[in-house]
Structures are given as structure tokens and as C-alpha cells.
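Student: Take this structure, written in C-alpha cells, and hold onto it; I'll ask about it next.
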Amino acid sequence: MTDGTTVTEPAREGGPVRVPEAELAVRTRGLTKRFKHQIAVNGIDLQVPVGSVFGFLGPNGSGKTTTIRMLLGLIQPTAGSHELLGRPVPEHALPLVGSLVEGPAFHPYLSGRANLARLDAADRYSDPATMRTRVDAALDRVGLLPAAGKRYRAYSLGMRQRLAIAAPLLMPRRLLILDEPTNGLDPQGTREVRHLIASLSDTGATVLVSSHLLSEVEQICTHVGVMNAGTLVTQGTVAEVRVGGTQRARVQTPDPAGAARVLTELGLTEVQQQDAAALGTVGDVAVEKVVPALVHAAIPVLGFTIERPSLEDLFVALTGEGFDVNG
Amino acid sequence: MSTVELPAGGAAPIGLRRPRPVSSRFLRSELRLIFGRRRNIAGLAVLALVPIIIAVAVKVSAPRPGDGPDFFASITGNGLFVPLAALTVEITLFLPLAIAVIAGDSIAGEANLGTLRYLLTVPVNRTRLLAVKYAAITIFAVAATMLITVVGLVIGVALFHGGSMTLLSGNQIGFGGGLLRVLGATVYLAVQLAALGAIGLFLSSLTEQPIAAMAGLVVMTVVMYILDSIPQLGWLGPWLLTHRFTAFGDLLRSPVAWDTLRQGVICAASYALIFWLASWARFAGKDITS
Chain A
13 MTDGTTVTEP AREGGPVRVP EAELAVRTRG LTKRFKHQIA VNGIDLQVPV GSVFGFLGPN
73 GSGKTTTIRM LLGLIQPTAG SHELLGRPVP EHALPLVGSL VEGPAFHPYL SGRANLARLD
133 AADRYSDPAT MRTRVDAALD RVGLLPAAGK RYRAYSLGMR QRLAIAAPLL MPRRLLILDE
193 PTNGLDPQGT REVRHLIASL SDTGATVLVS SHLLSEVEQI CTHVGVMNAG TLVTQGTVAE
253 VRVGGTQRAR VQTPDPAGAA RVLTELGLTE VQQQDAAALG TVGDVAVEKV VPALVHAAIP
313 VLGFTIERPS LEDLFVALTG EGFDVNG
Chain B
90 MSTVELPAGG AAPIGLRRPR PVSSRFLRSE LRLIFGRRRN IAGLAVLALV PIIIAVAVKV
150 SAPRPGDGPD FFASITGNGL FVPLAALTVE ITLFLPLAIA VIAGDSIAGE ANLGTLRYLL
210 TVPVNRTRLL AVKYAAITIF AVAATMLITV VGLVIGVALF HGGSMTLLSG NQIGFGGGLL
270 RVLGATVYLA VQLAALGAIG LFLSSLTEQP IAAMAGLVVM TVVMYILDSI PQLGWLGPWL
330 LTHRFTAFGD LLRSPVAWDT LRQGVICAAS YALIFWLASW ARFAGKDITS
């Protein structure tokens, strides 16, 4: 079977994807996991739109992997429910879901090819007649074909990671759940994985990709969700999430004091003056009113910009910085 | 080009090949894994070596009637007794050990490597996984006992003559009849070992350490042998799986003493059923965090 999936959306390039709200590839309702003394995931309502590349972010130990394990049916939620590809019984959707969970794991004394063949043999939906071709195509896609006959134990960390990415590519998928796919890869490999995710997304598949490194997924994501200490602190399109952060208006002017006064009058908060600029937090004030008000007050305006926090800044603001491990 | 689309609530996702209700692909893959692994091949080689050692040892030494197990004394009379002697020797430790290695590996081995999570997300239904794993253990039990028997038969008939067989009860039967009884004894032991394998499967579903499951099964086997040998615990004996391991000797009587054999098979089947269900109860809802 070829990868001839119907593509309803030109999913990438140019901002958020317009998808009807009902079409969620992943939807969780109050999903909760409590291990003996600790809540690993605390009532999250994750919504991953069909066709999106969803960056599932959060520091180590924030509950990303536990959530992914629950989505895949590996662990039972303590409370809450979830749907995959619109199916209330998520197990029914699993044949269309490819996954990479917490790093590669294969039989060390089997070759890469034999390891994939074993996974394929376990799949009741796969066609044994095309197995060989599909295995080699998947290996080729991650650049492992030259090492296909080598034992897994002889693989480098990067090769192992590639093999783990090849496994979900054995069959056509509607949803890919990739947990830290760039772990252990060099910058070159990381770029390749990004390209791969983009090309998977182009075939119409939804990709949920988790990472603790924002920079690795920032460029390819249409949506993001940020986990911190078991809670989903924000989710939405990249633009939405950034809007959610505080916007600062910056007025470049030779009269910072006058500009600052106008900004304060308009209702902007945390107004600051600098050498040749005035800044204020926009809040609920309509941005388009700022410049006319300045002009009206005869303040010379040399430049006006709305500064949105970078995703990185937001990420740090939401999850904290440093080496604290939650849990 | 086929499209992969999801119906609102159907059973099988349209666009994917409809799965065959029964397929031996996964089981064959499992068997390749077991019989392709060097450690297991080495283990089987050791099992096969025992009948050779016995046959050669008996051949080069003068027969001392009354020594050792019954079958040893009879070997010089008929090569058919070589596999029986080998099975008698190996059932005490080697065969249970071999089953323990395979059964211990079954779930815990996959959990230890982390491959369990990838099998389950393929997806492989957990009940199906346990069924395939147990089928593979059973096939290994048959293969291990058959290997000993076949090697024993070949070396036995080569070093001693075949021909008609003098049974333990003194009667004589033809070579064909004798062969049939030897094969029957082999199958009986395979059934016993498969029951032991069910205990191993259960232990393997409890842990992520294959060695722990393996050691656990060996210890359980030895404990059963010990309990069975304490006269004061005679009432317990019939309930122990190991109690009727050596009952295959009853096949070598005329007429065959079916009673103990029948009890042995029923006991083994009960053990297999109970421990397979215990594995299922344990594994079906278990959180896989490996």
C-alpha cells in the first residue's frame, strides 16, 4: 500500500492551519495519571488538530512522556479519557498511529532490517507480500539502508534513533506521535528529522512531536502545547500562543517623556522611557489607536513596533529556567 | 493508490488491509527470535549432548546391573533406552532450566529491552501477545524434548542394536511399538514442561528482569522437588507439578499404567491454564513503563 493519503490542507508554510474544530487528531478530557504519591499528569485537555504539526513542549519530567504513554494505551489513566483520530476507543485508531516512545528499543543481536521485519510481522494489518519493500523504503527514508544488515548493537546512538523513526514509517499513518525524535542526533540528523516531519505532514498526517528543546521544533510546528509540572499551561497555534504572552509597544521618538505620557493616558501599563523610545505593555488597549493618539498629541513618531515575546521567552516564562527537575 | 480514511465508528479502519483473523506471522517471528539466538542454540546443544555422553559412557564401560536409573541398565539391551535415560537425567535440571530461560525472557526480556512498548503500540493486543508468547514456549518445550529423543535414538541405535524391546515389566514388544512408546514419553514430558512454562510466563509478566523470572522458575521447580521428597508432606505431593514428571516410565510397562499418566496430564493442563490466566490477569491492565 502506498502512502496515498488524502490531503485536505496544504498543512505547512505560512502560519496556522484552518481546521474545523471537530477535527481533532488527539483530544483528551481531564486526562490524569497519578503514580503512588505523585500526580504525573494533572487533568489535561489536549487538542491536536488534524493536519497540524503539534509541538508538545515541556522540561524533562513535566509529564510529556506519561501523556504519550496514555495516548498509546501503554498506561491506564487514573482519570479522564482521550480520543485518537476521532475514535472514542483509542485502541481502534492505533493501526493508523505510528509512534516513537522514549527513545529507541530493539533486539540488539538482530539487524536493523530484521528488527523492522519483526515489528511488521506483529502487525495484523500489514501485508507480508510487501514487507521487504516497505522495510527497505522505511530504512531508506531515514538514511539507514546502507547499514540495514548490521546488528543493532553495532549501531551508533544516532543510527538507533533513526531506526526508531523508521519503525512507524512501515505503514501509512494518519497520526505520528514522536517523543523526542531528535534525541542523540547531531545537528545534521536533527535537520533531517525536521525535513522528515515536514514531509510526513505534507502527506496529510498529523504529527505530535514532543521535545524539551523548543529550538528543535519551533521552525516546523503549526501548533504548540506547553507542559509544566503535569499541567498543560498553554496550547494553540504558534501565533495564538505568542499573543497570549504580553505584548509591548515600542515608540521610537525624540520625545520619550511626551510619548510615555500619551501611552499612560491611553491605558498602557509598565510604561518605561529610554533614550529615544518609550515602551508600554499593551494589555487591552487597541494597538491601532496608539499611533493616532501620539500624532494627535504632536509627538514625533520615528517608529512604532509591537514586540511579541519569542516562543523561547514564553517557554521560559511558562516552565521556568534552569535545572530544576519537577518531581 | 488507496486512501486512508477513518469511518465515524466502524471496526476496522478503511484503507488499511483487513487483518486476517488468524495469522502465524507473529508466532513465526517469535520462533525465529528464540531459535535464532546463539545463547538458545548453545543451550539446545547442551541438551543434545547428554544422550550422546550417556550412550558413549555406557558403551565404553562394563554394564553394572542395578546401578543408576532403570533405563541405564536396559540401554545395552536396546538403543531405544538411550533417549529415555537422557530424558530422565535432564528432567531434573537441564530441561526445567531451558524452559526457565525461554519463559523468563518472554515478557520480561521484551520489557527489559524496551521492545515491549513498541510491540504493544504496533498494536499487538495484550491477550494475543500472551497467547503467542505461550505458544512459542510450548513449541520450544516440544522441540527441546524431541531433540533429546531424536539424538538419543540415533546414537542409541547406532551404538547398540535396535530390534525388539524388553519392557520394564519384562514383556517384549517390537521396535515399532517401542519407538511409539518412546515418542509418547517425549510428548508427555513436553506437556509437563509446557505447564512449567506457564508458571514462567506468569513470573515473566511480574518483572522487567528476565534473569529474575528465570531464577524464580528454577527455584520454584527445585522447591517443588524438595517438598515432594519430604515424607511428612506426602499429602502435598499429588498437587505438585513435578510429582509426575518421571511418570513417563509407565509407558514402558505392559499394559501401560495409564492412571498416573492421565493424572499427570490433567495436573499439567490445570497448571498451564491457571498460570496463563494469572499472567493475563496481571498483564492485561498493567502499566507499561519500561
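Quick note, the sequences are listed as chains A and B, same order.
Using my numbering, the final residue of the first sequence is 339, and nothing's skipped along the way.
Using my numbering, the final residue of the second sequence is 379, and nothing's skipped along the way.
Backbone N, C-alpha and C define an ideal beta-carbon position, used for all residues, glycine too.
Being a predicted model, the structure only gives us computed values, none of them experimental.
Would you mind listing the alpha helix (DSSP H) stretches within the region 263-333 of chain A that are 4+ residues and don't spill past its ends, in chain order?
Tutor: 268-278, 302-308 and 323-331
Student: To the nearest angstrom, how far is the alpha carbon of residue 46 of chain A from that of residue 134 of chain A?
Tutor: Residue numbering aside, residue 46 of chain A sits at position 34 when the first sequence is read from its first letter. Residue numbering aside, residue 134 of chain A sits at position 122 when the first sequence is read from its first letter. Cα to Cα, residue 46 of chain A sits roughly 31 Å from residue 134 of chain A.
Student: From which residue to which residue does the alpha helix (DSSP H) around residue 294 of chain B run?
Tutor: For the purposes of this step, residue 294 of chain B is taken as residue 205 along the second sequence, with counting starting at 1. Residues 264-295.
Student: Just the C-alpha distance for residue 286 of chain B and residue 210 of chain A, rounded to the nearest angstrom, thanks.
Tutor: Sequence index remark: in the second sequence, residue 286 of chain B carries index 197 (1-based). Sequence index remark: in the first sequence, residue 210 of chain A carries index 198 (1-based). Looking at the two C-alpha atoms, the distance is approximately 47 Å.
Student: Excluding the five sequence neighbours on either side, which residues of its own chain have a C-beta within less than 8 Å of the C-beta of residue 305 of chain A, listed in chain order?
Tutor: Walking along the first sequence from the start, residue 305 of chain A turns up at place 293. For residue 305 of chain A, where only same-chain residues beyond five positions count, the Cβ hits under 8 Å are 274, 277 and 278.
Student: Between residue 164 of chain A and residue 324 of chain B, what straight-line distance do the alpha-carbon atoms span, to the nearest angstrom?
Tutor: Mapped onto the first sequence, residue 164 of chain A falls at position 152. Mapped onto the second sequence, residue 324 of chain B falls at position 235. Straight across, the Cα-Cα distance linking residue 164 of chain A with residue 324 of chain B is about 52 Å.
Student: Of the residues B:184, B:174 and B:225, which one's Cα is nearest the Cα of residue 134 of chain B?
Tutor: Residue numbering aside, residue 134 of chain B sits at position 45 when the second sequence is read from its first letter. It is B:184.
Student: So, residue 224 of chain A versus residue 120 of chain A, is the Cβ gap smaller than 8 Å?
Tutor: Translated into positions along the first sequence, residue 224 of chain A becomes position 212. Translated into positions along the first sequence, residue 120 of chain A becomes position 108. Going by C-beta atoms, residue 224 of chain A is not nearer than 8 Å to residue 120 of chain A.
Student: What residues from chain A crowd round residue 115 of chain B, counting only those whose CB sits closer than 7 Å?
Tutor: Here the question's residue 115 of chain B lines up with position 26 in the second sequence. Chain-order list of chain A residues neighbouring residue 115 of chain B: 133 and 134, by C-beta distance under 7 Å.
Student: Is the number of C-beta pairs between the region 260-271 of chain B and the region 315-334 of chain B that are closer than 8 Å three or more?
Tutor: no
Student: What did DSSP end up calling residue 192 of chain A once you bin it into helix, strand or coil?
Tutor: By 1-based counting over the first sequence, the position of residue 192 of chain A is 180. Residue 192 of chain A carries a coil assignment under DSSP once its states are collapsed to helix, strand and coil.
Student: Within this structure, are the beta carbons of residue 136 of chain B and residue 237 of chain B separated by less than 8 Å?
Tutor: Locating residue 136 of chain B in the second sequence gives position 47, counting from the first residue. Locating residue 237 of chain B in the second sequence gives position 148, counting from the first residue. For residue 136 of chain B and residue 237 of chain B, yes; Cβs fall inside 8 Å.
Student: Using a Cβ cut-off of 8 Å (strictly closer), state whether residue 49 of chain A contacts chain B.
Tutor: Walking along the first sequence from the start, residue 49 of chain A turns up at place 37. No, its Cβ sits nowhere closer than 8 Å to a Cβ of chain B.
Student: For residue 281 of chain A, count the other beta carbons within 10 Å of its own beta carbon; 16 or more makes it buried, fewer makes it exposed. Which is it?
Tutor: Looking up residue 281 of chain A in the first sequence gives position 269. Answer is exposed; the Cβ neighbour count stays below 16.
Student: On the criterion of 16 or more Cβ atoms from any shown chain inside 10 Å, does residue 48 of chain A qualify as buried, or is it exposed?
Tutor: In the first sequence, counting from the first residue as 1, residue 48 of chain A sits at position 36. Exposed, because fewer than 16 other Cβ atoms sit within 10 Å of the Cβ of residue 48 of chain A.
Student: Should residue 370 of chain B be labelled buried (16 or more other beta-carbon atoms within 10 Å of its own) or exposed?
Tutor: Position 281 of the second sequence, counted from the first residue, corresponds to residue 370 of chain B. With fewer than 16 other Cβ atoms within 10 Å, it is exposed.
Student: Write down every uninterrupted run of the beta strand (DSSP E) in the region 97-127 of chain A whose length is 3 residues or greater and which is fully enclosed by it, in chain order.
Tutor: 109-112
Student: Determine, using beta-carbon pairs with one atom in the region 157-173 of chain A and one in the region 89-107 of chain A, whether at least three such pairs fall under 8 Å.
Tutor: The answer is no - the region 89-107 of chain A does not touch the region 157-173 of chain A, with fewer than three Cβ pairs under 8 Å.
Student: Using three-state DSSP, classify residue 34 of chain A as helix, strand or coil.
Tutor: Here residue 34 of chain A is taken as the residue at index 22 of the first sequence, counted from 1. Confidence is the limiting factor: at residue 34 of chain A the pLDDT is only 45, short of 50, which leaves the residue's position unreliable and the question unanswerable from this model.
Student: In the DSSP assignment, find the unbroken alpha helix (DSSP H) run with residue 207 of chain A in it and report its ends.
Tutor: Within the first sequence, the letter at position 195 stands for residue 207 of chain A. From DSSP, the alpha helix (DSSP H) with residue 207 of chain A extends over 199-214.
Student: Starting from residue 343 of chain B, trace the alpha helix (DSSP H) in both directions and tell me its first and last residue.
Tutor: Here residue 343 of chain B is taken as the residue at index 254 of the second sequence, counted from 1. That residue, residue 343 of chain B, is in no alpha helix (DSSP H); it is neither H nor E in DSSP.
Student: When you compare the region 211-223 of chain B with the region 351-370 of chain B, are there three or more beta-carbon pairs, one atom per stretch, that lie closer than 8 Å?
Tutor: yes
Student: Using a Cβ-Cβ distance under 8 Å, would residue 213 of chain B count as near chain A?
Tutor: The count along the second sequence starts at 1 and reaches residue 213 of chain B at position 124. For residue 213 of chain B, the answer is yes, since a Cβ of chain A falls inside 8 Å of its Cβ.
Student: Three-state secondary structure (DSSP) at residue 135 of chain B?
Tutor: Taking the first residue of the second sequence as 1, we reach residue 135 of chain B at position 46. Note: residue 135 of chain B maps to helix in three-state DSSP.
Student: In whole angstroms, give me the CA-to-CA distance for residue 355 of chain A and residue 307 of chain B.
Tutor: Chain A is shown only over 13 to 339; residue 355 of chain A falls outside these bounds and no answer can be derived.
Student: When you compare only the Cα positions, how much space is there between residue 309 of chain A and residue 249 of chain A?
Tutor: Sequence index remark: in the first sequence, residue 309 of chain A carries index 297 (1-based). Sequence index remark: in the first sequence, residue 249 of chain A carries index 237 (1-based). Each residue's alpha carbon lies about 37 Å from the other.
Student: Determine the contact status of residue 175 of chain B and residue 140 of chain B, defining contact as a CB-CB distance below 8 Å.
Tutor: To locate residue 175 of chain B, count along the second sequence from 1; it is residue 86. To locate residue 140 of chain B, count along the second sequence from 1; it is residue 51. Yes, these two residues count as a Cβ contact at 8 Å.
Student: What number of angstroms, rounded off, separates the C-alpha of residue 241 of chain B from the C-alpha of residue 352 of chain B?
Tutor: Counting from 1 along the second sequence, the entry for residue 241 of chain B is found at position 152. Counting from 1 along the second sequence, the entry for residue 352 of chain B is found at position 263. Cα-Cα distance, rounded: 27 Å.
Student: Rounded to whole angstroms, what's the CA-CA distance from residue 294 of chain B to residue 188 of chain B? Just pull it up for me.
Tutor: If you number the second sequence from 1, residue 294 of chain B lands on position 205. If you number the second sequence from 1, residue 188 of chain B lands on position 99. Between residue 294 of chain B and residue 188 of chain B, the C-alpha separation is close to 15 Å.
Student: Which residues in chain A have a C-beta closer than 9 Å to the C-beta of residue 202 of chain B? List them in chain order.
Tutor: Here residue 202 of chain B is taken as the residue at index 113 of the second sequence, counted from 1. Neighbours of residue 202 of chain B on chain A, chain order: 117, 118, 119 and 120.
Student: Quick check: what's the CA-CA separation for residue 92 of chain A versus residue 54 of chain A?
Tutor: Indexing the first sequence from 1 puts residue 92 of chain A at position 80. Indexing the first sequence from 1 puts residue 54 of chain A at position 42. For residue 92 of chain A and residue 54 of chain A, the gap between their C-alpha atoms comes out near 10 Å.
Student: Inspect the beta-carbon positions of residue 266 of chain A and residue 288 of chain A and report whether they are closer than 8 Å.
Tutor: Position 254 of the first sequence holds residue 266 of chain A. Position 276 of the first sequence holds residue 288 of chain A. Yes.
Student: Rounded to the nearest angstrom, what separates residue 326 of chain A and residue 242 of chain A at their Cα positions?
Tutor: Start at 1 with the first residue of the first sequence, and residue 326 of chain A comes out as number 314. Start at 1 with the first residue of the first sequence, and residue 242 of chain A comes out as number 230. Computed Cα separation, rounded: 18 Å.
Student: For the beta strand (DSSP E) holding residue 156 of chain A, just list the boundary residues, first then last.
Tutor: Taking the first residue of the first sequence as 1, we reach residue 156 of chain A at position 144. Unbroken run through residue 156 of chain A: none, as it is neither H nor E.
Student: CA-CA distance, residue 115 of chain A and residue 176 of chain A?
Tutor: On the first sequence, residue 115 of chain A is found 103 positions in, with the first residue counted as 1. On the first sequence, residue 176 of chain A is found 164 positions in, with the first residue counted as 1. Going from the Cα of residue 115 of chain A to the Cα of residue 176 of chain A covers about 7 Å.
Student: Around the Cβ of residue 216 of chain B, are there at least 16 other Cβ atoms within 10 angstroms (buried) or fewer (exposed)?
Tutor: One-based indexing of the second sequence puts residue 216 of chain B at position 127. The residue is exposed, with fewer than 16 neighbouring Cβ atoms inside 10 Å.
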